[in-house]
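Just so we're aligned, residue 2 is where the sequence shown starts under our numbering, counting upward by one. Don't be surprised by glycine CBs; every beta carbon is placed ideally from N, CA and C. A short worksheet on the structure shown next.
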Amino acid sequence: MSNQTKDLIQIKVHKEMIDMYLKTIETEKQYSNCYFKRAEANQIIENSLAFYTYKNGFLLFAEGRGYIKLYFCTDDFGWVSDLSRIKEDIDISEFAIEVVSKEEKPYNLNDVVPYTHIKQYMRYRRVGNPADDKSDNECVTYCLENDTARIKEMLDAYFTPIGDELPTEQEIKEFIIKGNVICIKEKDNLCGYIIFEDKGKTSYIRNICVDEQYRGLGIGKELLDKYNGLHKGFKVFTLWCNSNNENALKLYSLAGYCFDNLLNTIYIC
2 MSNQTKDLIQ
12 IKVHKEMIDM
22 YLKTIETEKQ
32 YSNCYFKRAE
42 ANQIIENSLA
52 FYTYKNGFLL
62 FAEGRGYIKL
72 YFCTDDFGWV
82 SDLSRIKEDI
92 DISEFAIEVV
102 SKEEKPYNLN
112 DVVPYTHIKQ
122 YMRYRRVGNP
132 ADDKSDNECV
142 TYCLENDTAR
152 IKEMLDAYFT
162 PIGDELPTEQ
172 EIKEFIIKGN
182 VICIKEKDNL
192 CGYIIFEDKG
202 KTSYIRNICV
212 DEQYRGLGIG
222 KELLDKYNGL
232 HKGFKVFTLW
242 CNSNNENALK
252 LYSLAGYCFD
262 NLLNTIYIC
């Protein structure tokens, strides 16, 4: 790369990338957004677009779900000045830096990273089911495989790949087959749905959506009530919500969810 900082060196050999990753992770760096486990590292690096060493740390550009993520593990932000040149070299127009923390600003990237805009997601959590669950609503049913395309249309219409972790059409179909998607329909029209995943006694809402023309009718609450009823005996419920989605945050709060002080701040550059 021309005119780059002398501390920034690109590595293209997969084994060298893995070795550098493992060496860096063993030493605690001041700044890092590498939250994946060692078992995930090989796959992420396998799908990387570019890997750079920076002093005793690294930068890793990798494919996310429909967008490119930048992972970093360094002791300073001197590499920021090279981001524009890196974008040109690896031929990308946009990437995202995600920072998850229990603090509002674990370190202030606002004045460091040349972002175009910021998205922030809040993790909401509920322990146990409320005693007054109304789960006998026959209007709420399980989705069928032929609902897959419509769910994908709603995802694409109301959400974005960056931050919302949108499932693929194949993944939606697999969720439906497993019985992990419930919905409300008006005749053949899909009014709203919930996609969820269960692990042990913990359930995670992957996505909840009500079609625009059916909003304000209590459909979101009906879906959550049914979801609760299907999970009697579960101990923990979690979900992520865009901090600007006031209606959704209100719905979750009324359903007994509380913000657990975990934020995912995404800088889009």
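Endpoints, the alpha helix (DSSP H) within which residue i is located
i: D77; result: That residue, D77, is in no alpha helix (DSSP H); it is neither H nor E in DSSP.
i: Q44; result: 39-47
i: H15; result: 15-27
i: E223; result: 220-231
i: A256; result: No alpha helix (DSSP H) holds A256; DSSP gives it neither H nor E.
i: R86; result: 84-90
i: Y116; result: It is not in any alpha helix (DSSP H) - Y116 carries neither H nor E in the DSSP assignment.
i: E139; result: Element bounds for E139: n/a, residue is neither H nor E.
i: Q171; result: 170-178
i: G164; result: 162-165
i: E154; result: 149-159
Member of the options whose CA lies at the smallest distance from the CA of residue i
i: E99; options: I45, T142, S33, N181; result: S33
i: I26; options: N208, L60, Y55, C74; result: C74
i: I196; options: L167, D157, N181, A40; result: N181
i: I209; options: L231, I87, Y159; result: Y159
i: N48; options: K56, G129, M18, T54; result: M18
i: I93; options: N243, D226, I119, I69; result: I69
i: P162; options: K7, L264, L231, F96; result: F96
i: S102; options: E198, K227, Y36, T169; result: Y36
i: V113; options: Q121, E172, G79, D90; result: G79
i: A150; options: F238, N138, T169, E247; result: T169
i: G221; options: G234, K186, K236; result: K186
i: F62; options: E29, Y22, D77, K56; result: Y22
i: L264; options: N245, L255, A256, C270; result: N245
i: Y53; options: G67, F238, D83; result: D83
i: D157; options: G67, K7, I269; result: G67
i: A256; options: L225, D199, Y72, S85; result: L225
i: L71; options: K56, N57, D148, I87; result: I87
i: G129; options: G230, H15, D8; result: G230
i: G65; options: I45, D76, F59, Y228; result: I45
i: V141; options: G217, K200, L252, E223; result: E223
i: D77; options: Y55, S85, H15; result: Y55
i: H15; options: I178, K7, A42, I173; result: A42
i: A249; options: G219, N262, G234; result: G219
i: K233; options: Q214, K202, I206; result: K202
Residue i: first and last residue of the uninterrupted beta strand (DSSP E) it sits in
i: N208; result: 203-211
i: S244; result: Taken as a continuous stretch (DSSP letters only), S244 belongs to no beta strand (DSSP E), as it is neither H nor E.
i: Y194; result: 190-200
Beta-carbon proximity of residue i to residue j, cut-off 8 Å
i: R124; j: C259; result: no
i: D212; j: L240; result: no
i: C184; j: C242; result: no
i: L50; j: I91; result: yes
Per DSSP, cross-strand counterpart(s) of residue i
i: E99; result: I267
i: Q11; result: Y53
i: A63; result: S49, K70
i: V237; result: V128, T203
i: E187; result: N190
i: V182; result: I196
i: S33; result: C74
i: Y122; result: N243, N265
i: G58; result: Y55
Nearest-angstrom beta carbon gap, residue j and residue i [assumed within contact, 8 Å]
i: H118; j: I269; result: 5 Å
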